[in-house]
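First the structure, in the form of C-alpha cells, and then the observations on it.
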Amino acid sequence: MGLGATLVLVDRQADALQVVADELAMTARVAAHGLDVTDASAVAHLVQNIEDTTNGLEVVINAAGILHTGAVRSTTPADYAAQMAVNYHGAVHVCLAALPGMLARNRGCLVNLGSIQALRPLPEFAGYAASKAAVWAFSVALRDELAMQHSAVHVAVACPTTVRTPLVEDLVYQPPIYARFPWLPPARGSGHPPRRGAAPVPHSGRLAGAGCGGWSGWRRGWPIGWCGGGVGIRGRK
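The sequence shown begins at 14 in this note's numbering and counts up one residue at a time.
What follows is the structure, given as C-alpha cells:
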C-alpha cells in the first residue's frame with residue numbers, strides 16, 4: 014500500500030479488537046494483538062516482536078483504562094489497585110518497553126492518555142483520578158528527563174474532559190451525575206448541550222500550569238482543560 018504508517022492495535026478483548034482492525038484494514042495496514050498491559054513481560058515480548066518485524070515504533074498511544082466509582086469509604090483496596098494496575102502501571106510498562114528502540118533511533122513519541130481528573134478530581138472518582146494523576150506526573154517527569162538528555166524522543170500527556178466511550182456510557186450521561194455535579198461538562202459526542210449558567214468550580218492555576226499546557230479557560234460555565242502538549246505539541250520544553 015505504499016507510504017504510510019502501520020497501525021498496531023492491542024486490547025484485552027481480542028475479538029472486539031479484530032472487528033475494529035478489519036474495518037480499518039480497508040484503508041490502512043493494520044495488525045491486531047490481544048494483550049493485557051498489566052503483564053509487563055507480555056508487553057515487553059510484544060513490543061520486541063514489533064521492533065523485530067517492522068521499522069520500529071514511531072508513535073505509541075497509551076489509552077488502556079478502567080474505571081471504578083464510589084465513595085472513598087466504600088471503595089475496596091482491590092478497586093484502587095486494579096485502576097492503578099491498568100491506568101498507570103500499564104502505561105509505564107508500555108513506555109519502558111518502547112523506550113529502548115526509540116532512544117536507539119533517537120526519534121519517536123510517547124503519548125499517554127491522562128484525564129481532566131488528574132487536574133480536577135471529582136468526588137466518588139478518587140481511585141480513577143489518582144491513577145490518572147500518576148500518569149500525568151510520570152509523563153511530565155519522563156519528558157523533562159529526556160529533554161535533559163537532549164533526546165529527540167518526545168513525551169506528551171493528554172488530559173481530556175469526558176469522552177463518550179463504553180467506559181462511561183452508562184455513568185456520565187445519566188442522572189444522578191448531572192444532578193450532583195451540575196458543572197460537569199457533557200461528554201464529547203454525547204449530544205448533551207453545555208450546562209449554561211453553571212457555577213465554575215475553583216481550581217489551582219498553579220497546579221494546571223506546572224509542567225503542562227494549563228487551562229484553556231472557562232467556556233459556557235464549565236471547565237475545559239488540556240495538558241502536557243496534546244496533539245501537535247512537542248513533548249519537550
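For each residue, glycine too, the CB sits at the ideal point set by N, CA and C. Quick caveat: nothing in here was measured; it's all calculated off a predicted structure.
Practice item. Determine the DSSP secondary structure at ARG209, reduced to helix, strand or coil. Key: For the purposes of this step, residue 209 is taken as residue 196 along the sequence shown, with counting starting at 1. Any reading at ARG209 needs caution, since the residue's pLDDT is 38, under 50, leaving its predicted position unreliable; the model's value is listed next. DSSP places ARG209 in coil when its eight states are reduced to three.
Exercise for review: Look at the Cβ atom of TRP149, then the Cβ atom of ALA131, and state whether they are nearer than 8 Å.
Suggested key: Taking the sequence shown and counting its residues from 1, the one referred to as residue 149 is at position 136. Taking the sequence shown and counting its residues from 1, the one referred to as residue 131 is at position 118. Going by C-beta atoms, TRP149 is nearer than 8 Å to ALA131.
Review point. Can you tell me whether DSSP reads ALA41 as helix, strand or coil?
Key: Here residue 41 corresponds to residue number 28 of the sequence shown, with the count starting at 1. Looking at ALA41 - three-state DSSP - the assignment turns out to be coil, as it is neither helix nor strand.
Exercise for review: Kindly confirm or deny that the region 55-63 and the region 76-83 touch, where touching means at least three C-beta pairs closer than 8 Å.
Suggested key: no
Exercise for review: Determine the DSSP secondary structure at ALA18, reduced to helix, strand or coil.
Suggested key: Position 5 of the sequence shown holds residue 18. Here ALA18 sits in coil by DSSP.
Practice item. Count the other C-beta atoms from every protein chain shown that fall within 10 angstroms of the C-beta of ASP65, then say buried if there are 16 or more, exposed otherwise. Key: In the sequence shown, the residue the question calls residue 65 occupies position 52. By the 10 Å Cβ count, ASP65 comes out exposed.
Check your understanding: Can you list, in chain order, the residues of its chain whose CB lies under 8 Å from that of GLY114, leaving out five sequence neighbours each side?
Key -> Numbered from its first residue, the sequence shown carries residue 114 at position 101. The residues are VAL60, GLU64, GLY69, LEU70, GLY121.
Review point. Ends of the beta strand (DSSP E) at ALA165?
Key: As a working mapping, residue 165 is identified with position 152 in the sequence shown. Counting along the chain, ALA165 falls outside any beta strand (DSSP E), and DSSP gives it neither H nor E.
Check your understanding: Is it buried or exposed for ASP24, if we count other Cβ within 10 angstroms and need 16 for buried?
Key -> For this step, residue 24 is matched to residue 11 along the sequence shown. So ASP24 ends up on the buried side.
Exercise for review: Over the uninterrupted beta strand (DSSP E) stretch that includes ASN68, give me the two end residues.
Suggested key: Locating residue 68 in the sequence shown gives position 55, counting from the first residue. Where ASN68 is concerned, there is no enclosing beta strand (DSSP E), given that its DSSP letter is neither H nor E.
Exercise for review: Confirm, please, whether the CB-CB distance from LEU135 to LEU143 is below 8 Å.
Suggested key: Your numbering for residue 143 matches position 130 in the sequence shown. Your numbering for residue 135 matches position 122 in the sequence shown. The identity of residue 143 in the sequence shown is Ala, whereas the question assumes Leu. Taking 8 Å as the Cβ cut-off, ALA143 and LEU135 do not qualify as a contacting pair.
Exercise for review: Mind checking which residues open and close the alpha helix (DSSP H) that includes LEU109?
Suggested key: Start at 1 with the first residue of the sequence shown, and residue 109 comes out as number 96. Element bounds for LEU109: 103-118.
Point to revise | Span of the alpha helix (DSSP H), counted from its first residue to its last, around ALA131 | key: If you number the sequence shown from 1, residue 131 lands on position 118. Unbroken run through ALA131: none, as it is neither H nor E.
Review point. Out of curiosity, what's the CA-to-CA distance linking ASP49 and THR178?
Key: For the purposes of this step, residue 49 is taken as residue 36 along the sequence shown, with counting starting at 1. For the purposes of this step, residue 178 is taken as residue 165 along the sequence shown, with counting starting at 1. Each residue's alpha carbon lies about 19 Å from the other.
**Study point:** Where HIS81 sits in the DSSP three-state scheme
**Key:** By one-based count along the sequence shown, residue 81 stands at place 68. Of the three classes helix, strand and coil, the one that applies to HIS81 here is coil, per DSSP.
Exercise for review: List the residues that DSSP assigns as beta-bridge partners of VAL148.
Suggested key: Within the sequence shown, the letter at position 135 stands for residue 148. Note: VAL148 sits in no beta bridge, so no partner.
Check your understanding: Can you tell me whether DSSP reads LEU48 as helix, strand or coil?
Key -> In the sequence shown, residue 48 corresponds to position 35, counting from 1. LEU48 falls in the coil class under three-state DSSP.
Practice item. Evaluate GLY241 with the Cβ neighbour count: other Cβ atoms within 10 Å of its Cβ, from every protein chain shown; 16 or more gives buried, anything less gives exposed. Key: Counting from 1 along the sequence shown, the entry for residue 241 is found at position 228. Unreliable placement is indicated for GLY241, whose pLDDT of 33 sits below 50; the coordinate value is still reported in the next sentence. Buried is the call here.
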